[in-house]
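Residues 303 to 930 (the numbering used here) make up the sequence shown, in order. The C-beta atom is built at its ideal place from N, Cα and C for all residues, glycine as well. Given the structure is predicted, the values throughout are model-derived calculations rather than measurements. Notes for the one structure printed next.
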Amino acid sequence: MTQTRVMKCLLACLLIAGWQSVQAQPDRWQQRVKYVMDIDMDVAAHRFSGKQKLQYTNNSPDTLFKVFYHLYWNAFQPNSMMDVRSRELGQTVLYRDKNGNERRDWDGRVTDRISKLQPDQIGYQKILSLKRDGVSQQYNVIGTILEVPLAKPILPHTTTTFDMEFEAQVPVQIRRSGRNNAEGVDYSMAQWYPKMCEYDYEGWHPTPYIAREFYGVWGDFDVKIAIDKKFVVAATGYLQNPNQIGYGYEMAGSKVLRPAGNKLTWHFVAPNVHDFVWAADPDYKHITQQVDGFTAHFFYIENDITRNTWPQLAKMIPDAYKYIKAHYGPYPYKSYSFIQGGDGGMEYPMATLIMGNGKLEGLYGLAAHEWMHTWYQGMLGTNESLYPWMDEGFTTFAENNVVYHTLDSLKTPSPQTSAYNGYFSLVRSGYEEPLSTHSDHYNSNFGYSQSAYSKGAVFLEQLGYIIGASTRDRGLLRYYWEWRFKHPNVNDFIRVMEKESGLQLDWYKQYFVYTTKHIDYGIDSAFENSGKTIVRLQRIDNMPMPIDLLITAKDGKKVMHYIPMSLMFGAKPDENSTVPRVVHDYWPWTNRTYDVEVNIPLSEIAEIEIDPSERMADQDRRNNVMKR
């Protein structure tokens with residue numbers, strides 16, 4: 303073969319390999335945004351004016367005849383949808399305590415507070431003008447949604463620019479954002495700007511804000527915030543003028559030269575994020591911690607508690623990240639900010655707002671949870687309105703693992719004990735709805751929270767029982783690399799796990815996500831036959847599962863008997879090299895009972911146990927063990 307032919311063959315092979323590599327990655331187009339915003343803050347009136355230039359790229363194959371924006375702060379007005387919905391759900395009595403007091407289904411932060419807001423306490427975002435490529439556009443304000451019928455449609459694969467002027471009033475803090483919160487932080491500025499709604503393969507998502515979840519378009523932010531000089535600002539992104547600002551941002555050894563005037567203009571840029579948050583307070587203390595290639599920032603109001611807990615939190619973050627990176631993938635940005643925001647915890651790209659005055663263990667757990675949202679809400683960016691459990695549940699699962707493996711003072715039987723307990727309480731309550739329920743449309747706050755957080759975490763831990771924990775963990779890393787910045791859904795996740803495990807898992811999705819069928823297995827009986835033991839197992843409830851059955855002999859020897867479920871078309875790998883395993887024939891999902899043959903007499907058996915690892919969400923474990 304000539305050298306020319308060799309080179310041609312080599313080139314062809316490289317092209318084919320490159321094409322196959324591209325084809326191996328999920329192909330899902332994404333819209334793109336680029337925001338440039340200038341904000342002038344009036345702290346005396348708690349209002350600001352803003353100018354927004356939004357470059358919008360339509361990467362879809364569709365022609366867009368209208369666009370939608372979120373106007374989140376309009377929710378903080380009497381008789382808004384958030385107000386009405388909160389008061390409606392609050393009428394439900396979940397139970398009465400031992401003293402006869404009602405436990406009502408309030409969102410404790412909202413209750414009926416919005417209905418009592420005075421004009422100078424409400425929130426609003428008012429559009430003063432809107433142009434597209436220099437041409438004024440008509441628009442309709444519908445609660446927390448701005449609808450813009452376009453004078454000219456946006457064609458596929460084209461870019462257009464919207465110029466907007468707006469003004470806003472910062473509400474008294476009720477839910478996530480606002481002013482003068484319970485921990486004394488002046489401004490928690492979340493959902494503060496008119497934000498373009500997401501358009502994806504399912505169409506527009508102009509979801510009204512009634513307190514639940516978010517979904518956004520990835521893009522670049524360039525934000526300037528002019529505010530009184532006494533305020534310290536923490537935000538998404540990278541500060542561009544640190545030596546004009548100071549307050550702990552300045553470069554080492556540099557002199558801070560602030561411009562004249564009563565205000566400072568803080569200039570932040572944030573690449574490839576789907577939202578932008580900021581907070582401001584004159585008393586913020588700002589410290590930093592270097593963490594494996596990026597800088598962690600911490601902003602808190604110093605008191606007798608925080609002067610000890612927050613510096614300790616900063617020192618704990620490198621160990622947390624070491625575990626996170628190994629199990630869930632690397633953090634891709636150069637900074638992250640933990641910000642005392644005074645209202646539970648809420649995640650945003652490159653930053654989080656968290657309560658700051660609690661004990662160290664609680665502060666660490668809250669910080670770990672909100673930071674893990676960077677992976678499932680920030681980078682993977684699942685539509686958490688439609689799939690809240692794929693964000694909150696996966697984040698809870700990861701948080702529990704991080705805390706369990708890095709905090710020595712935590713003593714629980716397993717990382718996910720609290721998640722299983724939450725899920726079991728949900729089932730007992732009668733308020734369970736399918737995980738496929740849209741987050742805004744759950745019939746109770748309790749049902750939503752236990753489904754999204756607890757049952758979502760159980761979904762992942764139980765998946766480890768089905769396919770093997772190490773296989774699931776490899777699948778989580780594969781999920782990260784294949785789907786980050788691509789808005790995956792539940793089908794995308796299941797396909798990743800099927801490819802990683804070689805098992806069929808559609809049945810698991812159908813049962814655990816789209817129904818409220820439950821798991822309950824029991825040992826029906828055990829009897830001897832020709833020197834062997836027959837253990838009869840029973841499926842009592844309606845969700846089929848593979849079964850781990852541990853037989854412990856009187857001499858202490860253990861054997862794991864594994865019964866795969868027919869819909870899997872395969873078996874998980876052996877998870878315990880120290881205990882021998884016997885793999886039996888499939889258990890057909892249609893059959894209520896299954897006989898397991900054990901090669902020792904019944905008289906030599908000390909104990910029989912279904913699911914000794916307790917990862918199967920069995921609703922009644924009392925019938926899982928038989929002792930001789």
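Query, Result
"Should the region 845-864 be called in touch with the region 899-918, which here means at least 3 C-beta pairs below 8 Å?", "yes"
"According to DSSP, is residue 321 part of a helix, a strand, or is it coil?", "Because the pLDDT of residue 321 is 36, which lies under 50, any placement of that residue in the model is unreliable, and the number read from its coordinates should be weighed accordingly. If DSSP states are grouped into helix, strand and coil, residue 321 belongs with the helices."
"Taking the beta carbon of residue 576 as the centre, do at least 16 other beta carbons fall within 10 Å, making it buried, or is it exposed?", "buried"
"Less than 8 Å between the C-beta atoms of residue 690 and residue 727, yes or no?", "no"
"Return the residue from the list 555, 539, 569 and 759 that minimises the CA-CA distance to residue 598.", "539"
"Closest to residue 391 by C-alpha separation, out of 405, 399, 378 and 401, would be which residue?", "405"
"Rounding to the nearest angstrom, what Cα-Cα distance links residue 720 and residue 738 in this structure?", "22 Å"
"Using only the alpha-carbon positions, how far apart do residue 562 and residue 544 sit?", "16 Å"
"Count the other CB atoms, across all protein chains shown, that sit within 10 Å of the CB of residue 256; report buried if there are 16 or more and exposed otherwise.", "This structure cannot settle anything about residue 256, because the visible part of the chain is limited to 303 through 930."
"Determine the direct distance from the alpha carbon of residue 898 to that of residue 492, and round the result to whole angstroms.", "57 Å"
"Give the secondary structure of residue 301 by DSSP, where H, G and I count as helix, E and B as strand, and everything else as coil.", "The requested residue 301 does not occur in the structure, where the chain is confined to residues 303 to 930."
"Helix, strand or coil, according to DSSP, for residue 423 in the structure here?", "coil"
"For residue 474, which residues from the same chain have a beta carbon less than 7 Å from its beta carbon, with the 5 sequence-adjacent residues on both sides left out?", "419, 423, 480, 481 and 482"
"Let's see if you can read the secondary structure: which residues bound the beta strand (DSSP E) around residue 456?", "447-456"
"Kindly indicate which three-state DSSP category residue 603 falls into: helix, strand or coil?", "strand"
"Residue range of the beta strand (DSSP E) that residue 589 falls in?", "586-593"
"May I have the straight-line CA-CA distance separating residue 842 from residue 813, to the nearest angstrom?", "15 Å"
"Using a Cβ-Cβ cutoff of less than 8 Å, which residues in the same chain neighbour residue 383 once the five nearest sequence positions on both sides are dropped?", "377, 445, 446, 510, 511 and 512"
"Is there contact between the region 858-868 and the region 820-827, where contact requires at least three CB pairs shorter than 8 Å?", "no"
"Of the choices 729, 815 and 788, whose alpha-carbon is the least far from that of residue 695?", "815"
"Give the secondary structure of residue 504 by DSSP, where H, G and I count as helix, E and B as strand, and everything else as coil.", "coil"
"Residue 700 to residue 693, Cα distance in whole Å?", "11 Å"
"Please say whether residue 903 and residue 835 have beta carbons closer to each other than 8 Å?", "yes"
"According to the Cβ coordinates, are residue 348 and residue 472 closer than 8 Å?", "yes"
"For residue 789 versus residue 522, is the C-beta distance shorter than 8 Å?", "no"
"Residue 456 to residue 362, Cα distance in whole Å?", "10 Å"
"With DSSP as the reference, label residue 682 as helix, strand or coil.", "coil"
"Please specify which runs of the beta strand (DSSP E), each continuous and at least 3 residues long, are wholly inside the region 667-737, giving them in chain order.", "none"
"DSSP three-state call for residue 784: helix, strand or coil?", "helix"
"Which residue marks the beginning of the alpha helix (DSSP H) containing residue 625, and which one marks its end?", "608-630"
"Does the distance from the C-beta atom of residue 507 to that of residue 517 stay below 8 Å?", "yes"
"Indicate whether residue 631 and residue 779 have their beta-carbon atoms separated by less than 8 Å.", "yes"
"To the nearest angstrom, how far is the alpha carbon of residue 588 from that of residue 669?", "16 Å"
"Distance, Cα to Cα, residue 330 vs residue 660?", "42 Å"
"Once the 5 residues before and after residue 345 are set aside, which same chain residues still bring their CB inside 6 Å of it?", "530"
"Suppose contacts are defined by Cβ-Cβ distances below 8 Å. Is residue 375 in contact with residue 470 by that definition?", "yes"
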